[in-house]
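A.B. asks: This structure is in C-alpha cells; I'll ask about it shortly.
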Amino acid sequence: MKLKYSKLIMVGPTNSGKTTTSYKYNSEKSRIFNFDQEYKNKLNVKLIGKKKFRTIHQSVLDKIIKNESNLCVYEGSHLILPYLFNTIIETIKSESLVFILFDFSFFDLWIRMKNRPSYRKTRFEKFMLLFITYILFSLNKNILTKKLKEKNIKYIKIKNSNLLPDEIVRLINYQLSIYNV
C-alpha cells in the first residue's frame with residue numbers, strides 16, 4: 010500500500026529518540042534529513058520589525074520541497090522554535106505532511122540520557138541541553154498542535170518513552186495507514 014504522506018517531520022526535545030527512529034526509515038526509497046547534524050549551521054537570522062527570528066536557509070527548504078524520494082524524514086530539535094516550524098508548514102503542501110511529536114516527561118528523558126555512554130563525559134552540558142530543549146518544547150507544543158489543527162495537518166503524538174525505535178516505527182506506520190483511508 011502506497012501512503013499519500015511523503016514527508017514525516019519529527020519534533021521533540023533532545024534525547025527523545027528522533028534520530029534513532031528516523032534511521033529506521035533509511036532505505037533506497039527514502040531520504041533522512043537530520044537538522045541537528047546536517048543543517049545546524051544553515052539557520053538564517055531574519056529581522057521582522059525589531060525582532061530577530063531564526064529561519065531555515067532557503068537551500069534546506071528547497072531540499073524539503075523538491076525531494077523526489079518516496080519518503081522524506083526530517084528531524085531535529087531546531088523545529089521546536091515556532092518561527093522555524095511556521096516556515097515549514099507554510100512552505101510544504103499540507104496533504105503530504107505528517108508531524109511526529111515526541112512528547113515524553115522530563116524524568117523519562119533524563120533517565121534515557123543517563124543511560125547513554127556519552128553522558129558520563131559531559132554531564133552538565135548534556136543536562137543543560139536537555140533542560141533547555143524540554144522547556145522550549147513544553148512551552149511551544151500547544152502552539153504547534155494548535156497550528157497543525159488549524160492547517161488540517163496530521164500529527165502523531167508518541168507519549169510512551171519505553172517503546173523501542175522499531176515499535177515506534179510500527180506505531181507511526183499504523184497511524185499513517187489509518188490516515189490514508
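Numbered by the numbering used here, the letters in the sequence shown go through residues 10 to 190 in order.
All C-beta atoms, glycine included, are put in the ideal place defined by N, C-alpha and C.
Owing to the predicted nature of the structure, the values given are computational and were not obtained by experimental measurement.
Under DSSP, the beta strand (DSSP E) around F133 begins and ends at which residues?
C.D. replies: For the purposes of this step, residue 133 is taken as residue 124 along the sequence shown, with counting starting at 1. Not the beta strand (DSSP E): F133 falls in the alpha helix (DSSP H), residues 132-159.
A.B. asks: Of the choices L185, I181, I187, whose alpha-carbon is the least far from that of K33?
C.D. replies: Along the sequence shown, read from residue 1 onward, the residue named residue 33 stands at position 24. It is I181 whose Cα lies nearest to the Cα of K33.
A.B. asks: With a cut-off of 8 Å on the beta carbons, I'd call S25 and F113 a contact; round off their distance for me.
C.D. replies: The residue you call residue 25 lines up with position 16 of the sequence shown. The residue you call residue 113 lines up with position 104 of the sequence shown. Right, their Cβ atoms sit about 6 Å apart.
A.B. asks: If you follow the alpha helix (DSSP H) that Y32 is part of, which residue opens it and which one closes it?
C.D. replies: For this step, residue 32 is matched to residue 23 along the sequence shown. From DSSP, the alpha helix (DSSP H) with Y32 extends over 27-32.
A.B. asks: Go ahead and pull the three-state DSSP assignment for F115.
C.D. replies: For the purposes of this step, residue 115 is identified with residue 106 of the sequence shown, where counting begins at 1. Helix, per DSSP.
A.B. asks: Just to confirm my understanding: we take L138, look at its own chain, exclude 5 residues before and 5 after, and list those with CB closer than 7 Å. What are they?
C.D. replies: Mapped onto the sequence shown, residue 138 falls at position 129. Around L138: T23.
A.B. asks: I'd like the list of long-range same chain contacts for Q215, defined as Cβ closer than 6 Å, with 5 residues on each side in sequence excluded.
C.D. replies: Here the chain has residues from 10 to 190 only, and residue 215 is not among them.
A.B. asks: Could you tell me if I120 is buried or exposed, where buried requires 16 or more neighbouring beta carbons within 10 angstroms of its beta carbon?
C.D. replies: Here residue 120 corresponds to residue number 111 of the sequence shown, with the count starting at 1. Result: exposed.
A.B. asks: Which residue's Cα is closest to the Cα of S170: F115, R129, K16, T100?
C.D. replies: Position 161 of the sequence shown holds residue 170. Cα-wise, what sits closest to S170 is F115.
A.B. asks: What's the C-alpha gap between I144 and I187?
C.D. replies: One-based indexing of the sequence shown puts residue 144 at position 135. One-based indexing of the sequence shown puts residue 187 at position 178. If you take the alpha carbons of I144 and I187, they lie about 32 Å apart.
A.B. asks: Is it buried or exposed for F111, if we count other Cβ within 10 angstroms and need 16 for buried?
C.D. replies: Position 102 of the sequence shown holds residue 111. That one is buried.
A.B. asks: Give me the Cβ distance between F108 and V20, rounded to the nearest whole Å; I'm assuming they're in contact under 8 Å.
C.D. replies: As a first step, residue 108 must be located in the sequence shown, where it is residue number 99. As a first step, residue 20 must be located in the sequence shown, where it is residue number 11. About 6 Å; that satisfies the 8 Å criterion.
A.B. asks: If you run the structure through DSSP and keep just helix, strand and coil, what is I187?
C.D. replies: Within the sequence shown, residue 187 is the residue found at index 178, counting from 1. It is helical.
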